[in-house]
């Protein structure tokens, strides 16, 4: 959607969930999760070390309807991103 804020937190949450679901549904969800994580790992979403208030991910959104936390780092974005990466590691990927 043009001109809408991008939300790394939602991507991280969805990626982690898709990895979990792939245990029950097969490779399709895993491929989608890997695609999302590949995007989040790029320079558009991953902060340089020591920048971004020491958060890993940039460009998250708390609440568009309330106009809160738009295009900021959010702790749960990092949490679910690390959770997704941990799930991949457990699977040997």
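Residue numbers (our numbering): 2 to 94.
In this text, a Cβ means the ideal position worked out from N, Cα and C, and glycines have one as well.
Quick caveat: nothing in here was measured; it's all calculated off a predicted structure.
Check: In angstroms, rounded to a whole number, what distance separates the CA positions of residue 34 and residue 4?
Finding: 24 Å
Notebook entry, point to check: Whose C-beta lies closer than 8 Å to the C-beta of residue 6 among residues of the same chain, with five residues either side of it excluded?
Noted result: 60, 62, 65, 71, 72
Check: Cα separation between residue 80 and residue 58?
Finding: 10 Å
Next item on the list: Give the DSSP bridge partners of residue 58, in chain order.
Entry: 47
Notebook entry, point to check: How would you label residue 23, buried or exposed, when you count the other beta carbons within 10 angstroms and need 16 or more for buried?
Noted result: buried
Notebook entry, point to check: If you drop the 5 nearest sequence neighbours on each side, which residues of the same chain put their C-beta closer than 8 Å to that of residue 54?
Noted result: 74
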